[in-house]
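Going down the list, the sequences are from chains A and C. Residue numbers for the first sequence follow our numbering, beginning at 231 and rising by one. Residue numbers for the second sequence follow our numbering, beginning at 457 and rising by one. Comments concern the structure below.
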Amino acid sequence: MFDIEIGTAGNVKLVGRLDAAEADRAQQIFRGFNHPLTADFSDLEYISSAGIAVLIETYKRLTAAGHAFRLTNMKPRVRNVFTYAGLDRLLQIE
Amino acid sequence: MVMRRFPRTVGSLQSIVSFVHEFLAERGIDPEHAHDADLVIEELFTNMVKYGGGQADIAIGLDADPARLTIELRDAGVEEWDVTQSAPVDVEAPLEQRRPGGLGLHLVKRVAENFRYAYRDRTSIVTVTTRLTP
Chain A
231 MFDIEIGTAG NVKLVGRLDA AEADRAQQIF RGFNHPLTAD FSDLEYISSA GIAVLIETYK
291 RLTAAGHAFR LTNMKPRVRN VFTYAGLDRL LQIE
Chain C
457 MVMRRFPRTV GSLQSIVSFV HEFLAERGID PEHAHDADLV IEELFTNMVK YGGGQADIAI
517 GLDADPARLT IELRDAGVEE WDVTQSAPVD VEAPLEQRRP GGLGLHLVKR VAENFRYAYR
577 DRTSIVTVTT RLTP
């Protein structure tokens, strides 16, 4: 199960497991954001390469448009996946 | 080893996670410690679904001791493809040069203690061990 809770002022919260089964749906939701974005990962339990690909695409698209994309409050086991992928230094993870 | 077969679609992932977590819970192991195992199984399973070229269900086997999980995936009726020899991913490359693909097997190599491939009777057999950590 994966969900994106949309808050105010460009804040969203990722909930559940962002895996290959949920990546297409997540991608469609993220493509609807065309403004600075802060994603709260505190309730994201799991991410795989399919989820990482969605976030990379979103990051490239938003930054190309001059918008920030901040990724916040990751659990250590989720952050580890970004580290293994060499993305912890490239994305704006706080 | 406990084996179960799953239809070759990413829609099987939720059933696979339930299988892994129930297997661990029955042995008194906190499924919260299975993140690396979940990652390995998803990446290998989706790789077989997307690129394996087979038609049959994919079998997943599990064996555990308190510190580690042994995972086996069997994909029957396919050509030989040694996934342990996949091209490396340049994790130092800037984001602009990153292309989709390859990251999943890189993640498997990164978290696996052991990662082995065998091919017998037109069946790819991939075996991985991961540590069970908080």
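Ideal placement from N, C-alpha and C gives every residue a C-beta, glycine not left out.
Top-ranked residue by Cα proximity to residue i, from the options
| i | options | result |
| --- | --- | --- |
| T465 (chain C) | C:M459, C:H477 and C:I514 | C:I514 |
| P487 (chain C) | C:A532, C:F571 and C:R524 | C:R524 |
| V476 (chain C) | C:M504, C:Y507 and C:G517 | C:G517 |
| R300 (chain A) | A:D318, A:P306, A:N310 and A:Y314 | A:D318 |
| V473 (chain C) | C:R483, C:I485, C:S580 and C:A493 | C:A493 |
| F232 (chain A) | A:D254, A:Y314, A:T238 and A:G240 | A:D254 |
| A315 (chain A) | A:I286, A:K290 and A:A298 | A:I286 |
| D538 (chain C) | C:S471, C:V582, C:L469 and C:R578 | C:V582 |
Start-to-end residues for the alpha helix (DSSP H) that takes in residue i
| i | result |
| --- | --- |
| R309 (chain A) | P306 to Y314 |
| M504 (chain C) | H491 to Y507 |
| L480 (chain C) | L469 to E482 |
| F260 (chain A) | A253 to F260 |
| R566 (chain C) | L559 to V567 |
CA-to-CA distance, residue j to residue i, given in whole angstroms
| i | j | result |
| --- | --- | --- |
| R587 (chain C) | F479 (chain C) | 15 Å |
| E275 (chain A) | G533 (chain C) | 35 Å |
| F263 (chain A) | F312 (chain A) | 22 Å |
| A256 (chain A) | A250 (chain A) | 10 Å |
| M457 (chain C) | G558 (chain C) | 29 Å |
| R460 (chain C) | I527 (chain C) | 12 Å |
| G296 (chain A) | E552 (chain C) | 15 Å |
| S542 (chain C) | V564 (chain C) | 11 Å |
| P544 (chain C) | L561 (chain C) | 9 Å |
| R247 (chain A) | D531 (chain C) | 25 Å |
| A269 (chain A) | E324 (chain A) | 10 Å |
| K305 (chain A) | V245 (chain A) | 12 Å |
| V284 (chain A) | P463 (chain C) | 25 Å |
Range of the contiguous beta strand (DSSP E) that encloses residue i
| i | result |
| --- | --- |
| V242 (chain A) | N241 to L248 |
| T268 (chain A) | L267 to I277 |
| V458 (chain C) | V458 to F462 |
| F571 (chain C) | N570 to R576 |
| S580 (chain C) | T579 to R587 |
| H520 (chain C) | Residue identity check: residue 520 (chain C) is Ala in the sequence provided, not His. Counting along the chain, the beta strand (DSSP E) containing A520 (chain C) begins and ends at I514 to A520. |
8 Å contact criterion, which residue i and residue j should meet: CB distance rounded
| i | j | result |
| --- | --- | --- |
| F501 (chain C) | L529 (chain C) | 6 Å |
| F260 (chain A) | T288 (chain A) | 4 Å |
| V584 (chain C) | A568 (chain C) | 5 Å |
| L267 (chain A) | V242 (chain A) | 7 Å |
Min CB distance residue i to chain A below 7 Å
| i | result |
| --- | --- |
| V564 (chain C) | no |
| T585 (chain C) | no |
| E498 (chain C) | yes |
| V582 (chain C) | no |
| G484 (chain C) | no |
Test: residue i CB closer than 7 Å to a CB of chain C
| i | result |
| --- | --- |
| S272 (chain A) | no |
| G246 (chain A) | no |
| A315 (chain A) | yes |
| L320 (chain A) | yes |
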